[in-house]
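Asker: To start, I am sharing the structure in question, which I have written as structure tokens.
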Amino acid sequence: MQGGAPTTRFASRPGRNALENDLRRFHVIQKNGRPDHPTTQGKVERFQQAMKKWLQAQPAQPGTLAELQTLLDEFAEHYNHQRPHRSLPHQATPASRYDALPKALPSGSRDDETHDRIRHDRIDTSGVVTLRIAGRLHHIGIGRTHARTHVILLIHDLHVRVVDAATGELLRELEINTERDYQPQK
793 MQGGAPTTRF
803 ASRPGRNALE
813 NDLRRFHVIQ
823 KNGRPDHPTT
833 QGKVERFQQA
843 MKKWLQAQPA
853 QPGTLAELQT
863 LLDEFAEHYN
873 HQRPHRSLPH
883 QATPASRYDA
893 LPKALPSGSR
903 DDETHDRIRH
913 DRIDTSGVVT
923 LRIAGRLHHI
933 GIGRTHARTH
943 VILLIHDLHV
953 RVVDAATGEL
963 LRELEINTER
973 DYQPQK
């Protein structure tokens with residue numbers, strides 16, 4: 793994976809990044825917690841707290857990564873199969889609850905899902921507007937006669953319409969060629 797945030801959901805210019813595109817290609821539905829909301833992240837924080845306390849209580853502290861991994865494996869076994877959890881009915885273990893529940897199955901292809909968004913921008917002095925798709929910036933040629941024009945981009949997956957924001961005139965309609973940076977006018 794290339795660098796960058798694991799989601800662009802909260803970015804000023806939303807769209808999919810490389811990770812989000814890879815997850816979609818593998819039919820994985822990404823779910824993000826809300827940033828800066830400890831109650832949302834509480835389960836993970838509670839798990840990490842339990843793990844740290846358990847590791848600190850061990851008489852033999854690890855001196856190598858292999859020893860640490862062995863302790864972490866012991867903790868996972870203890871946490872999931874032996875330690876009763878107050879939040880579960882009858883203080884069950886996570887493994888017993890997991891084994892008792894029906895398992896999710898693949899819901900089929902996600903090919904029918906689409907990615908729609910609207911973006912407000914301005915055509916630059918050379919007659920180009922930019923659009924980021926799958927973490928890659930594409931330059932869309934509109935024409936110098938429209939330089940500095942405020943536009944609305946209507947994006948449906950790779951299909952893009954560029955509309956003059958003031959008049960509603962359709963300036964350009966195209967399918968983005970993901971193999972090219974510059975999308976020339978025909």
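Sequence positions in the sequence shown follow the working numbering and run 793 to 978.
The beta carbon of each residue, even a glycine, is placed where N, CA and C say it ideally should be.
Quick caveat, the model's predicted, so the values are computed rather than measured.
#1: With distance defined between alpha-carbon atoms, name the residue in Gly935, Pro881, Leu857 nearest to Gln977.
#2: On the DSSP bridge assignment, give the partners of Gly933 in chain order.
#3: Per DSSP, Arg909 forms a beta bridge with which residues?
#4: Identify whether Gln840 lies in helix, strand or coil by the three-state DSSP scheme.
#5: With three or more C-beta pairs closer than 8 Å as the rule, is the region 910 to 917 touching the region 940 to 955?
#6: Alpha carbon to alpha carbon, how far is Trp846 from His951?
#7: For Met843, which residues in the same chain have their Cβ closer than 7 Å to its Cβ, ignoring the five residues on either side in sequence?
#8: For the alpha helix (DSSP H) holding Arg878, just list the boundary residues, first then last.
#9: Since Ile915 and Leu923 are thought to touch, with beta carbons under 8 Å apart, how far apart are those beta carbons, to the nearest angstrom?
#10: By how many angstroms is the C-alpha of Arg817 removed from the C-alpha of Ala810?
#11: Are the CB atoms of Leu966 and Val955 within a distance shorter than 7 Å?
#12: With DSSP as the reference, label Gln833 as helix, strand or coil.
#13: Determine the closest residue to Ala939 out of Ile925, Gly927, Thr917, with distance taken between C-alpha atoms.
#14: Quick one, are the C-beta atoms of Ala926 and Asn813 less than 7 Å apart?
#15: Please look up how many angstroms separate the CB atoms of His907 and Arg808, rounded, as I've assumed it's under 8 Å.
Answerer: On the basis of the coordinates in this document:
#1: What you label residue 977 is simply residue 185 of the sequence shown in a count that begins at 1. Ranking Gly935, Pro881, Leu857 by Cα distance to Gln977 puts Gly935 first.
#2: For the purposes of this step, residue 933 is taken as residue 141 along the sequence shown, with counting starting at 1. Under DSSP, Gly933 forms a beta bridge with Val920.
#3: What you label residue 909 is simply residue 117 of the sequence shown in a count that begins at 1. Its beta-bridge partners are Ile947.
#4: Here residue 840 corresponds to residue number 48 of the sequence shown, with the count starting at 1. Note: Gln840 maps to helix in three-state DSSP.
#5: Between the region 940 to 955 and the region 910 to 917 there are three or more C-beta pairs closer than 8 Å, enough to call the two in contact.
#6: Numbered from its first residue, the sequence shown carries residue 846 at position 54. Numbered from its first residue, the sequence shown carries residue 951 at position 159. Cα to Cα, the separation comes out at about 53 Å.
#7: Stepping through the sequence shown from its first residue, residue 843 is reached at position 51. Excluding sequence neighbours, Met843 sits near Phe867.
#8: Along the sequence shown, read from residue 1 onward, the residue named residue 878 stands at position 86. Per DSSP, Arg878 is not a residue of any alpha helix (DSSP H), being assigned neither H nor E.
#9: The sequence position of residue 915 within the sequence shown is 123, counting from 1. The sequence position of residue 923 within the sequence shown is 131, counting from 1. No, Ile915 and Leu923 are not in contact; Cβ-Cβ is about 12 Å, not under 8 Å.
#10: Within the sequence shown, residue 810 is the residue found at index 18, counting from 1. Within the sequence shown, residue 817 is the residue found at index 25, counting from 1. If I take the Cα positions, the gap works out to 11 Å.
#11: Translated into positions along the sequence shown, residue 955 becomes position 163. Translated into positions along the sequence shown, residue 966 becomes position 174. At a Cβ-Cβ threshold of 7 Å, Val955 and Leu966 do not count as neighbours.
#12: Here residue 833 is taken as the residue at index 41 of the sequence shown, counted from 1. Reduced to three states, the DSSP call for Gln833 is coil.
#13: Translated into the one-based positions of the sequence shown, residue 939 becomes position 147. Nearest option by C-alpha distance: Thr917.
#14: Here the question's residue 926 lines up with position 134 in the sequence shown. Here the question's residue 813 lines up with position 21 in the sequence shown. Cβ atoms of Ala926 and Asn813: closer than 7 Å.
#15: The residue given as residue 907 occupies position 115 in the sequence shown. The residue given as residue 808 occupies position 16 in the sequence shown. 6 Å between Cβ atoms; contact.
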